[in-house]
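Participant: One structure, as structure tokens, below. Some questions next.
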Amino acid sequence: MAAVVELEVGGGAAAERELDEVDMSDLSPEEQWRVEHARMHAKHRGHEAMHAEMILILIATLVVAQLLLVQWKQRHPRSYNMVTLFQMWVVPLYFTVKLHWWRFLVIWIIFSAVTAFVTFRATRKPLVQTTPRLVYKWFLLIYKISYATGIIGYMAVMFTLFGLNLLFKIKPEDAMDFGISLLFYGLYYGVLERDFAEMCADYMASTIGFYSESGMPTKHLSDSVCAVCGQQIFVDVSEEGIIENTYRLSCNHVFHEFCIRGWCIVGKKQTCPYCKEKVDLKRMFSNPWERPHVMYGQLLDWLRYLVAWQPVIIGLVQGINYILGLE
């Protein structure tokens with residue numbers, strides 16, 4: 001026992017070799033535990049400095065990556081958004097195949113197929129009159145499903161933390177897995193659909209001609225035309241068109257209510273589609289039950305950084321550690 005204590009206090013490769021040669025069969029359980037403890041300390045001796053170096057590399061990489069991403073987004077927003085969208089769409093697919101998450105893969109394929117069709121329709125020239133409403137309906141549907149799924153997942157996690165799952169005789173691990181899975185589905189597809197919707201909204205609005213990302217619009221907006229969908233706002237009984245409620249912004253431009261809501265919430269635009277004056281979202285969503293949708297959209301915009309770039313940054317950190325020989 002005294003020899004084990006001396007070996008534990010001592011250091012170096014010699015002590016580690018002597019610990020490996022100790023016959024565990026002749027020791028009591030307490031002595032065996034002390035030998036294992038000493039072996040662990042001998043094996044990891046000097047790793048404190050290595051761990052500190054790895055933490056510094058992680059912090060430095062996060063800071064530098066954040067600065068580079070901010071500059072990229074400011075200088076070349078279009079390429080930044082396209083690369084971010086591609087990463088959010090592809091990166092989970094790698095982990096899905098690797099970890100055999102077949103249920104997620106099936107949902108991902110269905111979502112990708114329908115979204116690809118809708119995106120194809122949105123990027124065609126000339127734009128079919130029914131396309132803008134098709135695009136906003138699809139992405140608004142996904143937005144509402146993701147919102148409901150995220151809320152249910154969050155409630156399931158909280159109920160599990162408070163032990164309410166026991167009332168339904170559900171195991172804590174099963175309840176937590178269910179809640180986290182729903183939360184992940186809701187947040188992931190919520191982030192993904194908003195970026196696809198924003199891209200489609202830009203294409204459609206530019207094609208219609210009342211909106212451009214920079215510069216003046218190519219068409220003059222008539223009081224009787226919605227700048228989001230390009231259709232007549234007020235339709236006579238004898239005419240063919242869309243009859244629905246209208247909404248007037250603070251800049252006095254009038255739009256279909258469905259179109260301007262889809263433009264602001266689904267398409268992530270907070271400016272008038274024609275004059276680019278900032279839209280007062282609090283005035284548009286005066287109903288207290290609708291305001292959480294705005295907050296949820298802001299949360300999704302923040303999470304897109306974690307979904308798209310965190311795996312890349314972590315992989316970069318691991319690559320640096322591997323090159324420097326850090327374990």
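The sequence shown begins at 1 in the UniProt record's numbering and counts up by one.
Ideal placement from N, C-alpha and C gives every residue a C-beta, glycine not left out.
(1) How many angstroms separate the CA atom of residue 276 from the CA atom of residue 314?
(2) What does the Cβ neighbour count give for residue 175, buried or exposed, with the cut at 16 atoms within 10 Å?
(3) Does DSSP put residue 75 in a helix, in a strand, or in coil?
(4) Taking the alpha-carbon positions, what's the residue 143 to residue 76 distance?
(5) Could you compute how far the alpha carbon of residue 271 sits from the alpha carbon of residue 127?
(6) Please state whether the Cβ-Cβ distance between residue 228 and residue 259 is less than 8 Å.
(7) Along the chain, where does the beta strand (DSSP E) containing residue 255 start, and where does it finish?
(8) Helix, strand or coil: which one does DSSP assign to residue 50?
(9) Work out the CA separation of residue 113 and residue 141 for me, nearest whole Å.
(10) What are the residues that DSSP puts in a beta bridge with residue 246?
(11) Under 7 Å Cβ to Cβ from residue 303, same chain only, skipping five residues before and after it: list those, please.
(12) Counting only C-beta atoms, is residue 233 closer than 8 Å to chain D at any point?
(13) Flag this pair as yes or no: are the beta carbons of residue 182 and residue 149 separated by less than 8 Å?
(14) According to DSSP, is residue 271 part of a helix, a strand, or is it coil?
Facilitator: Per the coordinate set shown:
(1) 38 Å
(2) buried
(3) helix
(4) 27 Å
(5) Distance between the alpha carbons of residue 271 and residue 127: 22 Å.
(6) A contact, by the Cβ cut-off of 8 Å.
(7) Counting along the chain, the beta strand (DSSP E) containing residue 255 begins and ends at 254 to 256.
(8) helix
(9) Residue 141 and residue 113: Cα-Cα distance of roughly 15 Å.
(10) 256
(11) 187, 191
(12) Considering every chain present, this structure includes no chain D. It has just one protein chain.
(13) Cβ atoms of residue 182 and residue 149: closer than 8 Å.
(14) strand
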